[in-house]
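Structure first, then comments.
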Amino acid sequence: MKPCAFQLYTPSTLEDALEALWELTEEGRSVKVLAGGQSLIPVLNMRLATPDVLIDLNELDSDLNFISPDTNHIKIGALTRHYQLETSPLISKNVPIITEAERLIGHVAIRSRGTLGGSLAHADPSAELPLVASLLNARMTLQSKHATRTIPAAEFFLAYLMTSMEPTEILTEITIPTLPGRSGQSIQEFALRHGDFAIAVAGAQVTMDEDGCISDARLTLGGVGGTPLDMSASLAPLVGSRPLPEDIERLMKEICQDLEPDGDIHADSAYRKDLAITLSTRALVDGLQKVKDS
Ligand SMILES: Cc1cc2nc3c(=O)[nH]c(=O)nc-3n(C[C@H](O)[C@H](O)[C@H](O)COP(=O)(O)OP(=O)(O)OC[C@H]3O[C@@H](n4cnc5c(N)ncnc54)[C@H](O)[C@@H]3O)c2cc1C
114 MKPCAFQLYT
124 PSTLEDALEA
134 LWELTEEGRS
144 VKVLAGGQSL
154 IPVLNMRLAT
164 PDVLIDLNEL
174 DSDLNFISPD
184 TNHIKIGALT
194 RHYQLETSPL
204 ISKNVPIITE
214 AERLIGHVAI
224 RSRGTLGGSL
234 AHADPSAELP
244 LVASLLNARM
254 TLQSKHATRT
264 IPAAEFFLAY
274 LMTSMEPTEI
284 LTEITIPTLP
294 GRSGQSIQEF
304 ALRHGDFAIA
314 VAGAQVTMDE
324 DGCISDARLT
334 LGGVGGTPLD
344 MSASLAPLVG
354 SRPLPEDIER
364 LMKEICQDLE
374 PDGDIHADSA
384 YRKDLAITLS
394 TRALVDGLQK
404 VKDS
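Reminder that position 1 of the sequence shown reads as 114 in the numbering used here, one-by-one numbering, no gaps.
What follows is the structure in C-alpha cells.
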C-alpha cells in the first residue's frame, strides 16, 4: 500500500522545526516528525497513521546528531543513527550495553537510517533501546517552541507505543549514565531470526563491592508488558551476596511468576514468561562474569 497524501516540511534548524510543529498543531493539523523512517514509513504505508503533515528532521544533524561525554554521563542527540552508536568507541567504553544492543537491532540498512530518538519515541516494548534507557534510567530532553523539560525514562514510557511526549514536543537529547566502576552490563534476547524484533529481552547491570559481593543490581524486561518493566526492586536478596547461577535462576523464577505477558501469534503468555526467567538469569550471570573478568 501507499501512504495517504501528506504535506512535507523540511526545516533546516531545530528552531524552525519546533516553530512549525507548534503552529501546525495549534491549527488542529495532525503532524508527525520523521527521523529515520524505519518505523514511521511502514506505519504510513499500512495507513495505520494518516498525518496531514510530516516534519522531516533529517536536515538537523548539526542540532541533533552528537555523542558527547559529560561527568558520569553521555549526552546523545536524538538524531544519532543506530550505526553511529554501534561503532562509537566512546559508547563501547562507557555504556557497553548500547553497543551490544545495537548489534541485535534489525539489519545494516535499518541501522544506517534508524535513530536513537525514533526508537525511543516509537516506544515498542520489545525494542532494545527503550529497554536500555529504562535499565539505566536515562533522561529524555523534550523541547517545544516555548519550553524544555527533562524527564526520566520511567516517566517517558506510558504504554504500548505510547509516551508522555506532547504533540508539540520533539525529543532532542538523551542523557545516559556511564558504567560505574566494578560493574558489568548485559542484554540477552530471543528472536525467531537474527534482526527480528525480540519476543522477549532482558537487560542487567551488576555492581560489586571490593569483597566481591553484589552492591547493586538492576534488571529490566522487554516483550512481557506494554512498556519495559523495571524489576530492580525485586533484586534486593542479591545485594551483599555472591550468588551462584542457580541462586539467580531461583530468584528469577520467583520474581517472574507474577508477570502476565500478552500472547500473540509469535509466542503465548506462558512461553514469554519462561523466556523472561531464562533471559534475566543469563543477563545477570553474564553481567557478573564481566565484572569478574574486568
Ligand atoms: C525490518 C525491520 C526490523 C527492525 N528490527 C528492529 C529490532 O530488532 N529492534 C528495534 O529496536 N528496532 C527495530 N526496527 C525499528 C528501527 O529500530 C527504527 O529505527 C526505530 O524503531 C525508529 O527509528 P527511526 O529513526 O526510524 O524513527 P521513525 O520511523 O522516523 O519514527 C518513529 C516514531 O517516532 C517519532 N519520532 C522520531 N523521532 C522523534 C523525535 N526526535 N522526537 C519525537 N518523535 C520522534 C515519529 O514521529 C514516529 O512516530 C526494525 C525496523 C525494520 C523496518
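C-beta atoms are modelled at their ideal positions from N, C-alpha and C, and glycine is treated no differently.
*Give the straight-line distance between the Cα atoms of Thr102 and Met278, rounded to the nearest whole angstrom.*
This structure gives no information on residue 102, because the portion of the chain shown stretches from 114 to 407.
*Please report how far the alpha carbon of Arg395 lies from the alpha carbon of Thr138, in whole angstroms.*
Our two residues, Arg395 and Thr138, have alpha carbons roughly 46 Å apart in a direct line.
*Going by alpha carbons, who is nearest to Ser232 out of Val146, Asp129, Leu392?*
Ser232 has its Cα closest to that of Val146, out of Val146, Asp129, Leu392.
*With distances taken Cα to Cα, identify the nearest neighbour of Val352 among Gly338, Asp324, Gly335, Asp375.*
With distances taken between Cα atoms, Val352 lies closest to Asp324.
*Secondary structure of Thr333, DSSP reduced to three states*: In the structure shown, Thr333 sits in a strand (DSSP, three-state: E or B).
*asked:* My output table needs one value for Glu302: the three-state DSSP class, helix, strand or coil.
replied: Strand.
*Which of helix, strand or coil DSSP assigns to Ile390*: Here Ile390 sits in helix by DSSP.
*Out of Ala236, Asp329, Ala330, Phe270, which has the shortest C-alpha to C-alpha gap to Phe310?*
Considering only alpha carbons, the answer is Ala236.
*Kindly provide the ranges of any beta strand (DSSP E) runs that are 3 or more residues long and lie completely inside the stretch 261 to 320, ordered along the chain.*
Qualifying beta strand (DSSP E) stretches, in chain order: 261 to 265, 270 to 272, 283 to 290, 296 to 303.
*Looking only at C-alpha atoms, which of Arg216, Gly227, Thr288, Arg262 sits nearest to Ser247?*
Nearest of Arg216, Gly227, Thr288, Arg262 to Ser247, Cα basis: Thr288.
*asked:* Could you check if Gln301 belongs to the surroundings of ligand 1, using beta carbon to heavy atom distance under 7 Å?
replied: Taking the Cβ of Gln301 as the reference point, every heavy atom of ligand 1 lies at 7 Å or farther away.
*How long is the line joining the alpha carbons of Leu121 and Asp169, rounded to whole angstroms?*
When only Cα atoms are considered, Leu121 and Asp169 end up about 7 Å apart.
*Within 8 Å, strictly: CB atoms of Leu334 and Pro290*: No. Outside cutoff.
*Find the nearest neighbour of Asp343 within the set Arg363, Pro358, Leu372, Pro350, judged by alpha-carbon distance.*
For the options Arg363, Pro358, Leu372, Pro350, the alpha carbon positioned closest to that of Asp343 is the one of Leu372.
*asked:* Check for me: the alpha helix (DSSP H) holding Gly190 runs from which residue to which?
replied: Premise fails: Gly190 lies in the beta strand (DSSP E), 186 to 190, not in any alpha helix (DSSP H).
*Looking only at C-alpha atoms, which of Cys369, Leu332, Ala383, Thr391 sits nearest to Pro358?*
Ranking the options by Cα distance to Pro358, first place goes to Thr391.
_Which of helix, strand or coil DSSP assigns to Arg226_ = In the structure shown, Arg226 sits in a helix (DSSP, three-state: H, G or I).
*Measure the C-alpha to C-alpha separation of Leu348 and Lys386 and round it to an integer number of angstroms.*
Each residue's Cα considered, the two are about 17 Å apart.
*In three-state DSSP terms, what is Pro350?*
Pro350: helix per DSSP, three-state reduction.
*Should Ser232 be listed as close to ligand 2, given that the test is whether its C-beta is under 7 Å from any heavy atom?*
Ligand 2 is absent from the structure shown, which contains only ligand 1.
*Taking the CB atoms as reference points, tell me whether Ile218 and Ile180 lie closer together than 8 Å.*
Contact flag unset, no.
*From the DSSP output, in three-state form, read off Arg395 for me.*
Three-state DSSP puts Arg395 in a helix.
*Going by other Cβ atoms of all chains shown within 10 Å of its Cβ, with 16 needed for buried, is Thr263 buried or exposed?*
Per the 10 Å Cβ criterion, exposed.
*Are Ala315 and Ser393 close, meaning C-beta to C-beta below 8 Å?*
Contact: yes.
_Selected residue, minimal CA-CA separation from Met321, among Leu305, His307, Thr123, Gln298_ = Nearest Cα to Met321 within the set Leu305, His307, Thr123, Gln298: Gln298.
*How would you write the range of the beta strand (DSSP E) that Met253 sits in, first residue to last?*
Per DSSP, Met253 belongs to the beta strand (DSSP E) from 252 to 256.
*Under a three-way DSSP split, which group does Val208 fall into?*
Of the three classes helix, strand and coil, the one that applies to Val208 here is coil, per DSSP.
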